[in-house]
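These protein sequence lines are chains G and D, in that order. Position 151 of the first sequence, counting from 1, maps to 151 under the numbering used here, and the rest follow consecutively. Every position in the second sequence, counted from 1, becomes a number in the numbering used here once 1000 is added. By construction, the Cβ of each residue, glycine as well, lies at the ideal position given by its N, Cα and C atoms. Written below as structure tokens is the structure these notes are about.
2 protein chains.
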Amino acid sequence: MSMHEPAVPELPERKLRPARTNATKQRLFDASMELIGERGAAGVTVDEIAAAAGVSKGTVYYNFGSKSDLIAQLLRHGVDIMLGRLQTIEGLHADPLEAMEAMLGQAMDFMDDYPSFARLWISENWRTPSEWGKLFVELRSELLAVIGAAIEKVATTYTVDTGIARGSLEAAMFGAIFVVGLDRQTYNPERTREQSIAAIMTIMRGYVLR
Amino acid sequence: MSMHEPAVPELPERKLRPARTNATKQRLFDASMELIGERGAAGVTVDEIAAAAGVSKGTVYYNFGSKSDLIAQLLRHGVDIMLGRLQTIEGLHADPLEAMEAMLGQAMDFMDDYPSFARLWISENWRTPSEWGKLFVELRSELLAVIGAAIEKVATTYTVDTGIARGSLEAAMFGAIFVVGLDRQTYNPERTREQSIAAIMTIMRGYVLR
DNA sequence: CTAACCGAACTGACCAGTCAGTTCAAATAG
DNA sequence: CTATTTGAACTGACTGGTCAGTTCGGTTAG
């Protein structure tokens, strides 16, 4: 049960300057991911975030325009990392089902490394007139596209149940991934990574006809 | 897109008195379910809840000891209704897979009727040192028990993949149910009830060996 | 090499507004 | 007559956001 976000795999250096500011932003990301993941966006104060990042409140507003903006960038940041992880398996597996399994493994590992992001995502995603509604639509579709592509490959290689709507299937996978992952972290840490992957793969096995 | 909680199917009248107070409590439940489902527990004020229920703030504190207590009772209330719905199919289907399908139908209908509860549940469920942590553990296990029982019947009637851990499978079902349901409401209202059920049933079809 | 300089990055006290929670006398309804 | 509700007042803590002032690292002139 480690529970600390690891350093990010190096975002592109922006200009010449932001030696300090990049590090600061990173620490603000880490701190706010942790806190917001635990208590929700509305439950965390900017003061707390600043304190946790070892930075003054003013610095938060120097680096981000507002609390809302910080969270928006946080979401973008987290999704970028997750997308990166999911795409590492690209072209490594001949069998689409194996590829899917590897992808689920990446997803589970991501959730181990960034548990707070998963919580943040799931707790803010379906708020109705959300401040970040537009952003969620965009990020969601990026994530679903990756899952959808993996399903697509399965569908072209195997005979699948064409009666199942693709969109609903993606949503089911998505939901299973997040909830199985979060449940494991929060309530059942004894469950293994492989157990979890196997349970989610059940969906794909039910999709493929034999 | 209706989005209004219908009247509750009559909870047992408590004593003799609470003719007025029961109605008041009900309206407070409805109002807070709506608001908290939309903006989260921390994002809603007691004043707002009182106003939305058409009741004074004092009444909230007369009927509930605190905001926290209100939310706890709200969770209990919602889970009771959901449990009631899921159990209506009890013994109506000879085939466990049909029973499961009927149960998923009940779950989808519940989410249509109480969309805000689903949002409330999913957004507060995995908060780490949650104020309602103990309560969530209890309510969660009640819900999972019902799903688990339905899976159990499938497992005794059909030949299933015993390599799949029961707990993880329940979690996968649970996650698929909520996310498919919420996604349909929030982002894809054009998806049908049956489409959604079919997608979730994929899990069970993958679990059963043929 | 070094001292003066510059602007980006950061600080923390401060503000005006909001919050949950409490109380209570008066009104109302069963 | 009594349980319930009202609505308003009050508190003390906390909120997001602002801003005048300070620090820092790198650049440049001498």
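Cβ-based neighbour list, ILE147 of chain G, same chain, cut-off 6 Å, excluding 5 preceding and 5 following: Looking up residue 147 of chain G in the first sequence gives position 147. GLU170, MET173, listed in sequence order.
Close beta carbons around ALA199 of chain G, own chain, < 8 Å, minus the five adjacent residues each side: Position 199 of the first sequence, counted from the start, is the residue given in the question as residue 199 of chain G. Counting only Cβ-Cβ distances below 8 Å, and skipping sequence neighbours, we find ALA176, VAL180.
Span of the alpha helix (DSSP H), counted from its first residue to its last, around ALA176 of chain G: As a first step, residue 176 of chain G must be located in the first sequence, where it is residue number 176. Taken as a continuous stretch (DSSP letters only), the alpha helix (DSSP H) holding ALA176 of chain G covers 166-186.
Beta carbon of GLY206 of chain G nearer than 7 Å to that of THR1202 of chain D: By 1-based counting over the first sequence, the position of residue 206 of chain G is 206. By 1-based counting over the second sequence, the position of residue 1202 of chain D is 202. The answer is yes: Cβ separation under 7 Å.
Short CB-CB distance (under 7 Å) between SER1002 of chain D and chain G: What you label residue 1002 of chain D is simply residue 2 of the second sequence in a count that begins at 1. Here SER1002 of chain D scores only 36 on pLDDT, less than 50, and its place in the model is too uncertain to base an answer on.
Closest residue to ARG166 of chain G among D:GLU1101, D:ARG1184, D:ASP1069, D:ASP1047 (Cα-Cα distance): Reading the first sequence from its first residue, position 166 is the one you call residue 166 of chain G. Comparing Cα-Cα distances from ARG166 of chain G to each of D:GLU1101, D:ARG1184, D:ASP1069, D:ASP1047, the minimum goes to D:ARG1184.
SER1032 of chain D classed as buried or exposed, judged by whether at least 16 other C-beta atoms fall within 10 angstroms: Locating residue 1032 of chain D in the second sequence gives position 32, counting from the first residue. Label assigned to SER1032 of chain D: buried.
Backbone CA spacing between TYR1187 of chain D and LEU75 of chain G [nearest angstrom]: As a first step, residue 1187 of chain D is located in the second sequence; it is residue number 187 there, counting from the start. As a first step, residue 75 of chain G is located in the first sequence; it is residue number 75 there, counting from the start. Their Cα atoms are separated by approximately 18 Å.
Same chain only: Cβ atoms within 7 Å of HIS1093 of chain D, ignoring 5 sequence neighbours per side: As a first step, residue 1093 of chain D must be located in the second sequence, where it is residue number 93. So the qualifying residues of the chain are ALA1099, ALA1102.
Contacts around GLY1065 of chain D, its chain only, beta-carbon distance under 8 Å, and the 5 residues preceding and following it disregarded: Position 65 of the second sequence, counting from 1, holds the residue named residue 1065 of chain D. Closer than 8 Å at Cβ, skipping near neighbours: no residue.
Partners in chain D for GLY216 of chain G, counting only beta-carbon separations shorter than 7 Å: For chain G, the structure presents residues 1 to 210; residue 216 of chain G sits outside this window and is missing.
Beta carbon proximity, ASP30 of chain G to chain D, threshold 7 Å: Locating residue 30 of chain G in the first sequence gives position 30, where the first residue counts as 1. Not an interface residue.
Classification of TYR62 of chain G by the beta-carbon crowding that lies within 10 angstroms, buried from 16 upward: On the first sequence, residue 62 of chain G is found 62 positions in, with the first residue counted as 1. Exposed, since its Cβ has fewer than 16 Cβ neighbours within 10 Å.
Chain-ordered residues of the region 59-92 of chain G with a beta carbon less than 7 Å from chain D: none
Start-to-end residues for the alpha helix (DSSP H) that takes in SER1196 of chain D: Here the question's residue 1196 of chain D lines up with position 196 in the second sequence. Taken as a continuous stretch (DSSP letters only), the alpha helix (DSSP H) holding SER1196 of chain D covers 1193-1207.
Contact with chain G by THR1156 of chain D, beta-carbon distance below 7 Å: As a working mapping, residue 1156 of chain D is identified with position 156 in the second sequence. It does not: the Cβ of THR1156 of chain D has no partner Cβ on chain G nearer than 7 Å.
Coarse secondary structure for VAL1044 of chain D, derived from DSSP in three states: Working through the second sequence from its first residue, we reach residue 1044 of chain D at position 44. Three-state result, VAL1044 of chain D: coil.
Anticipated Cβ contact below 8 Å, THR88 of chain G with GLN106 of chain G, distance rounded: One-based indexing of the first sequence puts residue 88 of chain G at position 88. One-based indexing of the first sequence puts residue 106 of chain G at position 106. Right, their Cβ atoms sit about 6 Å apart.
Length-filtered (4 minimum) alpha helix (DSSP H) runs lying within the region 56-134 of chain G: 57-63, 67-87, 96-113, 115-124
Interface partners of GLU38 of chain G on chain D, CB under 9 Å: Along the first sequence, one-based indexing puts residue 38 of chain G at 38. Ordered by position in chain D, the residues that pass the 9 Å Cβ test against GLU38 of chain G are ARG1127, THR1128, PRO1129, SER1130.
ASP112 of chain G at chain D interface by Cβ criterion, 7 Å: For the purposes of this step, residue 112 of chain G is taken as the residue at position 112 of the first sequence. Not one chain D Cβ lies under 7 Å of ASP112 of chain G.
GLY1037 of chain D beta carbon less than 7 Å from that of SER1116 of chain D: The count along the second sequence starts at 1 and reaches residue 1116 of chain D at position 116. The count along the second sequence starts at 1 and reaches residue 1037 of chain D at position 37. Taking 7 Å as the Cβ cut-off, SER1116 of chain D and GLY1037 of chain D qualify as a contacting pair.
Assigned exposure category for LEU209 of chain G - 16 Cβ within 10 Å defines buried: Within the first sequence, residue 209 of chain G is the residue found at index 209, counting from 1. When all chains shown are included, LEU209 of chain G counts as exposed.
6 Å Cβ shell around GLU131 of chain G - same chain, five flanking residues per side excluded: For the purposes of this step, residue 131 of chain G is identified with residue 131 of the first sequence, where counting begins at 1. Result list for GLU131 of chain G: SER68, in chain order.
Reference ARG1027 of chain D, options D:ALA1052, D:THR1045, D:VAL1046, closest by Cα: Taking the first residue of the second sequence as 1, we reach residue 1027 of chain D at position 27. Checked all of D:ALA1052, D:THR1045, D:VAL1046; the closest Cα to ARG1027 of chain D is D:ALA1052.
Closer than 7 Å to chain D by CB, GLU5 of chain G: Taking the first residue of the first sequence as 1, we reach residue 5 of chain G at position 5. Low confidence applies to GLU5 of chain G: its pLDDT is 38, below 50, so where it sits in the model is not reliable enough to give any reading.
Beta carbon proximity, GLY175 of chain G to chain D, threshold 7 Å: For the purposes of this step, residue 175 of chain G is taken as residue 175 along the first sequence, with counting starting at 1. Output row for GLY175 of chain G: interface = yes.
Per-residue burial, GLU1034 of chain D [other beta carbons within 10 Å of its own, 16 or more giving buried]: If you number the second sequence from 1, residue 1034 of chain D lands on position 34. When all chains shown are included, GLU1034 of chain D counts as buried.
HIS1077 of chain D to GLY1133 of chain D span [Cα, whole Å]: Here residue 1077 of chain D refers to the residue found at position 77 of the second sequence. Here residue 1133 of chain D refers to the residue found at position 133 of the second sequence. Approximately 16 Å between the Cα atoms of the pair.
Cutoff 8 Å; reference LEU1135 of chain D; Cβ partners in own chain excluding five residues on either side: Here the question's residue 1135 of chain D lines up with position 135 in the second sequence. Once the five neighbours on either side are set aside, the close Cβ partners of LEU1135 of chain D are ALA1072, LEU1075, ARG1076.
Contact residues within the region 1133-1165 of chain D, judged by C-beta distance below 8 Å to chain G: VAL1137, ARG1140, ASP1161, GLY1163, ILE1164, ALA1165
SER123 of chain G versus GLN195 of chain G: straight-line alpha-carbon distance, rounded: As a first step, residue 123 of chain G is located in the first sequence; it is residue number 123 there, counting from the start. As a first step, residue 195 of chain G is located in the first sequence; it is residue number 195 there, counting from the start. In a straight line, the C-alpha of SER123 of chain G is about 25 Å away from that of GLN195 of chain G.
Residue-chain proximity (THR1045 of chain D, chain G), Cβ-Cβ < 7 Å: In the second sequence, residue 1045 of chain D corresponds to position 45, counting from 1. Not one chain G Cβ lies under 7 Å of THR1045 of chain D.
Min CB distance SER56 of chain G to chain D below 7 Å: For the purposes of this step, residue 56 of chain G is identified with residue 56 of the first sequence, where counting begins at 1. Answer no: the Cβ-Cβ gap between SER56 of chain G and chain D never drops below 7 Å.
Top-ranked residue by Cα proximity to ASP109 of chain G, from G:GLY40, G:GLU152, G:LEU182, G:ARG127: Start at 1 with the first residue of the first sequence, and residue 109 of chain G comes out as number 109. Answer by Cα proximity: G:LEU182.
Alpha-carbon to alpha-carbon, ALA23 of chain G and ALA50 of chain G: One-based indexing of the first sequence puts residue 50 of chain G at position 50. One-based indexing of the first sequence puts residue 23 of chain G at position 23. Cα to Cα, the separation comes out at about 14 Å.
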